[in-house]
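To start, the structure under review is shown below, and the notes come after it.
There are 4 protein chains.
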Amino acid sequence: MLRIGMLTSGGDCQALNAAMRGVVKTVLNNSKEPVEIYGFEDGYKGLIYGKFRLLTGKDFAGILTTGGTMLGTSRCPFKTIREPDENGLDKVEAMKQNYHKLQLDCLVMLGGNGSTKTANLLSEEGLNVITLPKTIDNDLWGTDMTFGFQSAVDIATTAIDQIHTTANSHGRVFIVEIMGHKVGWLPLNAGMAGGADIILLPEIPYDLKKVIEAIEERDKRGSRFTIIAVAEGAISKEDAKLSKKEYKKKLETSKYPSVSYELAAQIQKKTGREVRVTVPGHVQRGGSPCPYDRVFASRLGAEAGVMILKKKYGFMVGYKNREMVQVPLKEVAGKLKTVDPKADIIKEAKLLGIHFGD
Amino acid sequence: MLRIGMLTSGGDCQALNAAMRGVVKTVLNNSKEPVEIYGFEDGYKGLIYGKFRLLTGKDFAGILTTGGTMLGTSRCPFKTIREPDENGLDKVEAMKQNYHKLQLDCLVMLGGNGSTKTANLLSEEGLNVITLPKTIDNDLWGTDMTFGFQSAVDIATTAIDQIHTTANSHGRVFIVEIMGHKVGWLPLNAGMAGGADIILLPEIPYDLKKVIEAIEERDKRGSRFTIIAVAEGAISKEDAKLSKKEYKKKLETSKYPSVSYELAAQIQKKTGREVRVTVPGHVQRGGSPCPYDRVFASRLGAEAGVMILKKKYGFMVGYKNREMVQVPLKEVAGKLKTVDPKADIIKEAKLLGIHFGD
Amino acid sequence: MLRIGMLTSGGDCQALNAAMRGVVKTVLNNSKEPVEIYGFEDGYKGLIYGKFRLLTGKDFAGILTTGGTMLGTSRCPFKTIREPDENGLDKVEAMKQNYHKLQLDCLVMLGGNGSTKTANLLSEEGLNVITLPKTIDNDLWGTDMTFGFQSAVDIATTAIDQIHTTANSHGRVFIVEIMGHKVGWLPLNAGMAGGADIILLPEIPYDLKKVIEAIEERDKRGSRFTIIAVAEGAISKEDAKLSKKEYKKKLETSKYPSVSYELAAQIQKKTGREVRVTVPGHVQRGGSPCPYDRVFASRLGAEAGVMILKKKYGFMVGYKNREMVQVPLKEVAGKLKTVDPKADIIKEAKLLGIHFGD
Amino acid sequence: MLRIGMLTSGGDCQALNAAMRGVVKTVLNNSKEPVEIYGFEDGYKGLIYGKFRLLTGKDFAGILTTGGTMLGTSRCPFKTIREPDENGLDKVEAMKQNYHKLQLDCLVMLGGNGSTKTANLLSEEGLNVITLPKTIDNDLWGTDMTFGFQSAVDIATTAIDQIHTTANSHGRVFIVEIMGHKVGWLPLNAGMAGGADIILLPEIPYDLKKVIEAIEERDKRGSRFTIIAVAEGAISKEDAKLSKKEYKKKLETSKYPSVSYELAAQIQKKTGREVRVTVPGHVQRGGSPCPYDRVFASRLGAEAGVMILKKKYGFMVGYKNREMVQVPLKEVAGKLKTVDPKADIIKEAKLLGIHFGD
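Residue numbers (this note's numbering), protein chains in the order written: chain F, 7 to 364; chain P, 7 to 364; chain H, 7 to 364; chain L, 7 to 364.
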């Protein structure tokens with residue numbers, strides 16, 4: 007008997023179901039022993055508190071194209087994973103116990119950065135763990151791509167497209183706030199795809215003066231409108247000088263709901279132009295996965311399935327230089343893949359006339 | 007020579023270009039005299055300040071499917087139309103003068119409520135005016151339908167669809183704020199199409215207790231999540247008791263960016279559940295018109311074209327009981343078509359189990 | 007106990023699930039007695055051969071947005087309904103027996119023309135029947151609208167949009183064949199929405215010469231391409247003179263897969279221009295229903311639910327002049343709602359410059 | 007003065023405009039000398055017959071998101087490029103003369119396989135040529151990716167999605183014919199993304215028996231339907247044994263419009279099941295480019311722009327292992343990048359249970 011535990015952790019994204027389907031189909035189609043699939047509910051919580059469903063192949067039929075995660079998910083900060091819960095329960099021990107009680111051969115975890123750190127911890131504690139790189143942010147170390155990313159790019163780009171027509175009609179400056187607190191792959195790609203004139207990323211602190219100059223130069227050249235794609239975590243050069251603690255405090259006490267709103271107020275004040283803010287928000291992680299993500303997540307799932315069949319554990323399945331790779335969990339855990347301000351794509355974007363406020 | 011002035015006024019929406027194309031194609035294809043089209047820029051402003059472009063048939067090619075308005079638009083509140091501008095210019099007189107200077111035979115105005123009031127004023131001042139019912143709110147009196155509405159429903163529904171999958175994954179209460187300050191057709195239809203569990207409209211003040219009961223009842227029945235479609239102008243029963251002035255003040259001094267955020271805080275506090283707010287915002291009025299709006303706006307444009315050829319002025323072209331109709335401008339001006347809380351569609355929505363908080 | 011049988015019949019379309027959900031939610035939410043739902047599989051076949059599933063409210067959760075029909079469907083020609091099946095079974099008697107064996111209070115049938123005729127027959131045989139108007143063709147008598155229609159218009163329009171760009175790139179004549187054997191509402195609306203230059207409908211036989219003239223006139227005016235939206239059942243004036251039998255034979259012995267291909271060959275021969283044919287085909291009836299259809303089908307379902315609760319049978323639920331109506335089945339059965347060549351929408355399309363080949 | 011000629015050749019696809027915009031924006035934004043852009047119309051024809059438009063930056067505004075090619079295109083088989091035209095004109099000489107007459111510094115050609123061969127020929131004849139890899143087939147040697155491919159995958163996948171719901175409703179076998187005469191990347195990816203059960207590619211000749219076995223095995227396991235994604239150039243093992251000439255003759259004299267229809271007839275005959283064929287056709291190359299293609303084509307364009315500024319000619323700009331690369335034209339010309347039947351993606355697809363008929 008082959009017993010597989012499975013859970014999805016952190017903010018959900020597109021193609022979680024496709025990836026799980028890939029794992030399960032591969033194992034069921036190719037295992038020589040009987041297989042049992044234990045789906046833990048709502049992320050690590052399900053493993054901690056022993057909440058799971060026993061699943062069959064049928065549960066994974068028809069989910070290639072569905073959004074969300076059939077298992078549910080929750081955020082479970084790595085920071086607090088070693089702290090006891092409100093009833094004094096040792097969470098790590100509880101996970102180990104439930105894993106062993108069910109006689110699992112392995113645990114498949116689909117998650118992003120924080121969740122992979124926890125997976126690495128469990129691996130170090132002796133559990134057999136395989137992870138799949140899930141995040142709309144594409145910021146996981148060790149893989150060129152994560153699933154969810156391209157679907158989120160598609161949705162954010164559609165938002166910019168729709169804003170484009172109304173910005174043009176009204177001759178306005180429009181700020182579209184795009185997900186990405188620490189890493190800018192999503193706003194960068196959606197911004198380029200949507201034809202944004204200015205893109206502000208966490209990795210490239212912006213100079214307000216230069217942003218305004220860019221808007222005014224567009225005015226001079228007769229452009230009716232300016233579209234600014236702003237990452238949630240965009241930061242001004244001034245703020246970038248603050249300590250982490252100071253900046254956190256600034257954000258918490260700001261009268262603006264987010265950086266975008268503050269920026270809008272500043273631009274409106276300095277240029278006298280009408281500025282509007284749009285925040286697509288959670289829609290970016292919802293809905294049916296795009297075809298790219300469906301194929302990619304299915305492939306990752308298939309590779310994870312093979313690893314289970316070969317009993318090869320302790321890895322994240324990733325994608326490097328167009329090949330599926332197995333990356334040791336400890337190499338992934340705790341590292342971010344950020345946008346290098348000197349990357350080719352930034353250089354090319356600048357050649358095309360896109361401003362980054364630097 | 008037939009000289010036609012044309013302008014788009016108020017917030018833009020989908021199918022403005024399709025409607026103008028309909029007018030112009032009809033007139034150019036069927037007029038016995040030569041035709042000149044004067045496109046005023048940025049709404050009534052263009053007419054006031056004499057900013058226009060002379061347009062040909064070619065300018066209207068390929069715009070059936072494009073969003074926004076090729077003429078630009080601006081809001082021009084009826085309230086202030088009789089007040090002189092900042093240089094002391096009498097705006098109404100200026101419009102009349104420009105109209106006569108260009109020897110226009112008529113003015114075609116595409117706009118919503120306020121803009122149609124101004125059009126009626128110009129009609130009463132002796133100009134030949136025809137209007138087309140443009141608004142995503144579908145709140146124009148005298149017509150069963152306005153163009154822009156169905157396209158906005160499509161976009162708002164897509165947003166709810168995308169929120170659905172993530173709400174389900176995380177087991178959250180999600181509020182989707184949908185455009186509609188005074189009238190709820192858009193949130194009502196998008197809410198029903200997106201499978202919202204609760205819909206809050208300006209026309210049906212809500213009781214917070216009942217909203218929370220509805221959420222808790224869903225909990226009891228095992229539903230992981232609740233989706234609430236909230237009109238921008240949704241109002242609680244308590245607030246509905248305030249005078250207009252008091253309520254305006256309340257909104258202005260609120261610490262929440264909109265009613266949705268206040269409601270979210272209240273629900274979170276009372277139920278302890280995680281509540282998230284998503285505001286699709288201006289994307290609802292952008293992008294390519296949906297097929298329904300393209301056909302509908304083209305038909306309205308064709309009918310307006312015929313009226314021009316027949317020199318029949320002073321009307322809005324509308325649609326009643328599946329027939330194109332001509333509604334005298336003075337009957338339209340200043341009236342809103344709101345959602346009747348006793349309408350069949352509300353009754354049916356309630357039968358389906360949708361709560362309106364009443 | 008209230009026992010409801012339900013089946014979907016004929017070619018499937020979008021919003022069948024939404025409509026069934028509407029019926030079931032309404033009944034379950036509002037019935038004072040317990041309810042049992044019997045879902046017959048694959049259309050009337052399920053009723054004839056006693057194949058059904060007992061369904062609960064849960065089966066209808068999450069299907070508002072899904073395409074197809076959860077019950078399956080099949081075509082069951084009215085012509086042969088009174089003939090015994092290959093084993094000599096009397097199909098009508100079998101349906102009556104199964105209905106009575108299960109002690110059904112009523113049968114809800116979602117179907118188009120032929121299926122409604124059968125429903126009327128069953129009603130005349132004493133069963134309690136309510137029908138809902140399902141078809142992408144919008145050709146059901148007694149209702150202004152059918153569900154599935156607007157979704158199919160959306161898909162067919164997208165196809166024309168996509169063909170538009172490639173037709174323009176290559177300077178070609180493109181024929182897009184759109185569903186509609188007897189009735190042209192779908193090609194008419196998709197053609198207008200997609201900006202087709204020529205639209206050929208079953209109701210308006212075309213003159214090949216005039217079609218070619220229209221193409222050549224476009225050439226003269228400098229248009230690089232021509233898009234022709236052709237109904238599956240488009241017919242030339244010459245062929246329209248043939249007897250039904252002669253025409254059927256002509257089609258059967260034609261070397262072309264459909265009218266579109268024959269027309270393409272004729273145009274290519276006479277004009278020397280490159281002509282391409284695209285046949286979106288079955289995609290037009292697939293995929294998630296558009297928001298319009300979701301709301302409309304839900305409303306129809308709710309009204310049918312009310313009728314069940316009131317034990318009012320023998321009707322199709324329809325929509326006339328913006329009101330839900332109950333149309334006696336015998337008035338609907340066997341009648342088609344075709345496009346009147348003198349209808350306003352045709353007149354308007356012609357004003358816009360669209361040719362119908364007449 | 008920097009004089010740049012530009013043309014698009016072969017079947018059009020998505021993101022041609024985005025790529026040209028990328029080249030032109032980069033050159034205009036960064037050139038120290040004045041720039042003139044000569045856009046040749048309808049592919050190499052424009053260069054042969056001296057048909058061109060002088061273009062400015064404004065012509066390239068707003069085209070990032072538009073389908074087709076603003077320059078028009080045509081197929082111009084490499085086979086016949088050295089043959090004189092019907093008036094005895096030497097086409098290669100004519101192209102050289104027009105190039106020199108306009109004192110061009112270089113020619114930018116956006117095209118696929120055949121067109122790149124011609125570009126290489128012109129390069130060998132002494133012209134300065136840069137090419138960009140355009141094709142929905144993704145079959146160009148020397149680059150991991152071509153623009154147009156991902157957009158076509160998206161459209162073909164949507165078609166399979168829509169067929170899925172109707173196949174399920176009716177319990178049918180459905181064949182979706184997807185573009186790809188010689189190379190199967192598009193049907194492979196769309197098939198995997200759409201959840202096709204069987205995928206038939208030009209690179210993997212199929213055994214009819216195994217295809218039927220796969221369908222029957224699905225039947226046994228209770229699957230109502232089977233979706234087969236068939237490349238235009240799919241070929242049976244038997245036919246693969248024929249000589250090229252014999253096979254060509256077979257196709258020409260076949261009574262079926264394409265391989266898919268023949269396969270459908272065979273399956274229907276052998277299994278007795280209802281089989282339907284859908285051919286999305288040219289829609290796969292039309293419409294707005296997907297975000298991935300917009301970014302990718304823009305980046306390629308920017309790199310080509312840099313090469314022009316650096317006067318580096320004789321290359322195709324490609325993408326290898328996530329880096330922009332310059333591939334000598336002679337290395338690209340005449341080579342196809344096909345699907346290796348032993349590639350990882352095929353192996354993974356098989357693990358997932360997808361049949362390839364081998």
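Note that CB positions come from ideal geometry on N, CA and C, so glycine has one too.
Cβ-based contacts, 7 Å cut-off: residues of the region 159-183 of chain F near chain L:
V159, D160, T163, D167
Using a Cβ-Cβ cut-off of 7 Å (strictly less than) and excluding sequence neighbours within five positions of L214 of chain F, which residues of its own chain qualify?
S242, Q272
Span separating the alpha-carbon of G86 of chain F from that of T232 of chain P
Correcting the residue identity first, residue 86 of chain F is Thr in this sequence and not Gly. Looking at the two C-alpha atoms, the distance is approximately 28 Å.
Under a Cβ-count criterion, where at least 16 other Cβ atoms within 10 Å of its own Cβ denotes burial, should H187 of chain L be classed as buried or exposed?
Classification for H187 of chain L: exposed.
Report back the beta-carbon spacing between V29 of chain P and G311 of chain P to the nearest angstrom; my notes put them in contact at under 8 Å.
5 Å
Starting from V182 of chain L, trace the beta strand (DSSP E) both ways and give me its first and last residue.
179-184
Can you list, in chain order, the residues of its chain whose CB lies under 6 Å from that of G292 of chain H, leaving out five sequence neighbours each side?
G73
Residues of the region 8-35 of chain H in Cβ contact with chain P at a cutoff of 7 Å, in chain order, please.
G28, K31, T32, N35
Compute the Euclidean distance between the alpha carbons of M115 of chain H and G359 of chain P, then round it to the nearest angstrom.
23 Å
Which of the residues in the region 194-224 of chain L, read from start to end, lie with their CB under 8 Å from any CB of chain H?
Answer in chain order: no residues at all.
Could you compute how far the alpha carbon of G307 of chain F sits from the alpha carbon of Y319 of chain F?
14 Å
Per DSSP, what kind of secondary structure is L358 of chain H in: helix, strand or coil?
coil
If you measure beta-carbon to beta-carbon, which residues of the region 282-298 of chain L are closer than 9 Å to chain H?
Answer set for the region 282-298 of chain L: R282, V283, T284, V285, P286, G287, H288, V289, Q290, R291, G292, G293, S294.
With A235 of chain H and V182 of chain H assumed to form a contact (beta carbons below 8 Å), what rounded beta-carbon distance in angstroms separates them?
5 Å
Which residue comes first and which comes last in the beta strand (DSSP E) that contains R227 of chain F?
Segment: none, R227 of chain F is in no beta strand (DSSP E) and carries neither H nor E.
Given a threshold of 16 other Cβ atoms within 10 Å of its Cβ, counted over all protein chains shown, does G197 of chain P qualify as buried or as exposed?
buried
Please report the straight-line C-alpha distance between Y298 of chain L and D143 of chain F, rounded to a whole angstrom.
Roughly 15 Å separates the two Cα atoms.
Can you give me the start and stop residues for the beta strand (DSSP E) that V30 of chain L sits inside?
Where V30 of chain L is concerned, there is no enclosing beta strand (DSSP E), although the alpha helix (DSSP H) it sits in stretches over 22-36.
Express the C-alpha separation of L128 of chain F and H106 of chain F in angstroms, rounding to a whole number.
12 Å
Counting contacts by CB-CB distance shorter than 8 Å, is S129 of chain L in contact with chain F?
no
At a CB-CB cut-off below 7 Å, which residues of chain H make contact with S157 of chain P?
By Cβ distance, chain H contributes nothing, its closest Cβ being about 10 Å from S157 of chain P, past 7 Å.
Tell me, please, whether the region 165-183 of chain F touches the region 274-287 of chain F by the rule of three or more beta-carbon pairs shorter than 8 Å.
Yes, the region 165-183 of chain F touches the region 274-287 of chain F.
Tell me S304 of chain P's beta-bridge partners as DSSP assigns them.
Paired residues: none, contrary to the question.
Can you pull the chain P residues whose beta carbon is under 8 Å from the beta carbon of P263 of chain F, in chain order?
P263
Using CA atoms only, rank isn't needed, just tell me which of H:H288, H:K216, H:G11 is closest to A173 of chain L.
H:H288
Against chain L: residues of the region 58-83 of chain F by CB proximity under 7 Å
L70, T71
Return the first residue and the last residue of the alpha helix (DSSP H) that Y44 of chain L is part of.
Looking at the DSSP string, Y44 of chain L is not in any alpha helix (DSSP H); the run it does join, the beta strand (DSSP E), is 41-46.
Contact set between L48 of chain P and chain F, taken where Cβ atoms lie within less than 8 Å:
Going by the sequence as given, residue 48 of chain P is Asp instead of Leu. Chain F residues near D48 of chain P: G177.
Pull up the distance between the alpha-carbon of F321 of chain P and that of V135 of chain P, whole angstroms please.
7 Å
Would you mind reading off the limits of the beta strand (DSSP E) that contains P334 of chain F?
329-334
Where does the unbroken beta strand (DSSP E) through M7 of chain P begin, and where does it stop?
Element bounds for M7 of chain P: n/a, residue is neither H nor E.
Looking only at its own chain, which residues have a Cβ that is under 6 Å from the Cβ of S266 of chain L, when we skip the five neighbours before and after it?
So the qualifying residues of the chain are I181, E183, V236, V283.
DSSP beta-bridge partners of T14 of chain F:
F:L116
Which whole runs of the beta strand (DSSP E) in the region 139-191 of chain F are 3 residues long or more, in chain order?
179-184
Can you find a CB in chain P that lies within less than 8 Å of the CB of D350 of chain H?
yes
For F84 of chain L, which of helix, strand or coil comes out of DSSP?
helix
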